[in-house]
Every structure is written in C-alpha cells, then in structure tokens.
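Below is one structure, written out as structure tokens; comments come after it.
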Amino acid sequence: MNSYDALAASYDALTADAEHLRRAAYLDRLFRRERAPVETVLDLACGTGTIACLLAERGYRVLAVDGSEEMLTQAAKKAETLGERAPLFLHQAMPRLRLGREVDAAISTLDSLNYLTRTADLRETLRRVCRWLKPGGVFCFDVNSPYKLRRMDGQVYLDETEDSFCVWRTFFSERTRICTYQVDLFRENGQGAWDRAFEEHRERAWGREELEAYLREAGFDCVTVTGDLTSRPPRPEEDRWIFRCRKPLA
C-alpha cells in the first residue's frame, strides 16, 4: 500500500489545522509580485488537491501531480464544483515528473519533499521541476526542518473526527536522518463496527545547505529561505522552512 492510500478518505478532516487558506493566500501574493504574469502553476505532490483548488478558484490554471491514486480520487471529487477551472490531476511520482508543457510557477506544500528519502530521488525531482518551469519561473516549497523531525522522536499523536480515529507513532534515526510515522487508522464502517488500517510514512531531515546545493545543481538560482508563511529568516527552532528559487532567464 502506498503512503496515504488508507488515509486519503479521512485526510482532509485530520489535517483541518494545516491553514490551507493562509497558504494559498501566501502563494497568491508571491505570484502577484512576479515580474512576469503567473498564469499556470504546477502543484507537486498535491495530495487531496486543497491548495490546487484554492489556486484554481483564484484564477490560476493548475496542473496537480501526486503519486497516490486514492488521494487523487479525493482531489477530483473536491474539484467537481470548479467546472472548467478545475485543476488537471496527473498520477505521477515526483522523480518521474513529466508535464509535456512548461509552467509559469511550481509549488509543493506541507513537507512533501521530505518524503523523498533518497538523495537520487530528490536531485532528480528538482531537476525535473526546473526542466518544466519557464525561464524566470519561480519554485516555492516547504519542508519540515531537522529540528522538528528530531523533536518528534518517540512521540505519539492522536487525531479524531466523528467517524475516524488516528494514532501516529514517530521515531527518528540519527544515522539515516529519517523520521518514521507508524499510522493506525480506525474508521467507522457504517455497520456498527470500525475498520483498522495501517500505514508507515518516512520523512528525511534535509539540511538547509544541502537543499540549497541541490537546487543550484538542478539549475535554480536566487535561492532564499524563510520561516513558515513569513518573509523573515528561519529561527533556530523553526518547524517549517519555506524555500523560494528561480529558473534563470534563458
């Protein structure tokens, strides 16, 4: 089972505190400050499509890519009310990104790039994002910081909705710099009983300097890093970093 296949149906309710509206507004402000108009946007690892749909509502033409068919099923349902403005959803793994046309901007939100635990996969993903950006296009993404992932070692988190109960157990390895999430999901099946599913998620703690190096290696420049949804430099105890970079003009 792929990560998030079992969680897909309950994901939105379990992540109601992710501040999607603020994130979409932040990205919209960023795009409106660009010198060239931003009309087409790639949402890499779009999940259930919340950010993609919010940007589509704001007038952007969105290509949204994810590796989980179940998450994309939820995203397509969410986009039904948007009609012709609905994002185009594609089932692709990040290191195999292939759009067939260039876009004005690219985003990846809610620590999706942390899920690339192999250096080769991260480098190939960044190379492909740069390939499908128009010259001068901006790439904006966030990652969980090493500080946050280390702090999660040995923790247990509980999420509950009216029809689901989720237990997250987290373990961090200093040797691999990988935080493992073991997820037990209990969902009411409508027959007076609960179904149980299990998933294991893995996120790598990428350092700021290595991410900056891989971005430049992939062809990006003008790399900046801030705290989450701010314009200030990240603090030492920052949970989430936002990276912004640009594909150079030809």
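Each residue of the sequence shown is one higher than the last, beginning at -18 in my numbering.
Think of the CB as a built atom: it goes at the ideal place given N, C-alpha and C, for glycine as much as any other residue.
{"query": "May I ask you to verify whether the stretch 53 to 62 touches the stretch 26 to 34, counting CB pairs closer than 8 angstroms and requiring at least 3?", "result": "yes"}
{"query": "With DSSP collapsed to three states, give me the class of Glu51.", "result": "helix"}
{"query": "Do you know how far the Cα of Val137 is from the Cα of Arg185?", "result": "19 angstroms"}
{"query": "Would you mind working out which of Arg82, Arg112, Asn95 and Gly40 sits nearest Leu63, comparing C-alpha positions?", "result": "Gly40"}
{"query": "Do Asp24 and Ile88 have their C-beta atoms closer together than 8 angstroms?", "result": "yes"}
{"query": "I'd like to know if the stretch 170 to 178 and the stretch 67 to 86 are in contact, where contact means that at least 3 CB-CB pairs between them fall below 8 angstroms.", "result": "no"}
{"query": "Hey, out of Glu65, Arg183 and Ala178, whose CA is closest to Phe152's CA?", "result": "Arg183"}
{"query": "Can you check DSSP and say which residues form a bridge with His182?", "result": "Tyr162"}
{"query": "Tell me whether Pro116 is buried or exposed, calling it buried when 16 or more other Cβ atoms sit within 10 Å of its Cβ.", "result": "exposed"}
{"query": "Which residue wins for smallest C-alpha separation from Pro76, given the options Arg66, Glu65 and Leu97?", "result": "Leu97"}
{"query": "Hey, would you say Cys121 sits closer than 8 angstroms to Phe201, going by beta carbons?", "result": "no"}
{"query": "Consult DSSP for Thr151 and reduce its assignment to one of helix, strand or coil.", "result": "strand"}
{"query": "Hey, how far is the Cα of Arg227 from the Cα of Glu169?", "result": "46 angstroms"}
{"query": "If you draw a straight line from the alpha carbon of Thr161 to that of Val124, how long is it in whole angstroms?", "result": "15 angstroms"}
{"query": "Thinking C-alpha only, which one of Asp102, Arg150 and Val204 is nearest Pro229?", "result": "Val204"}
{"query": "Does Thr62 come out as helix, strand or coil in the three-state DSSP assignment?", "result": "helix"}
{"query": "Let me confirm a value: Thr157 is counted as buried when at least 16 other C-beta atoms fall within 10 Å, else exposed. Which label applies?", "result": "exposed"}
{"query": "Does DSSP put Cys226 in a helix, in a strand, or in coil?", "result": "strand"}
{"query": "Can you tell me whether Pro18 is buried or exposed? The criterion is at least 16 other CB atoms within 10 Å of its CB, across all chains shown.", "result": "exposed"}
{"query": "Hey, would you say Arg42 sits closer than 8 angstroms to Glu20, going by beta carbons?", "result": "yes"}
{"query": "Name the one or two DSSP bridge partners that Thr207 has.", "result": "Ile223"}
{"query": "Are Arg298 and Glu198 close, meaning C-beta to C-beta below 8 angstroms?", "result": "Because the chain spans -18 through 231 in this model, residue 298 falls outside it and cannot be assessed."}
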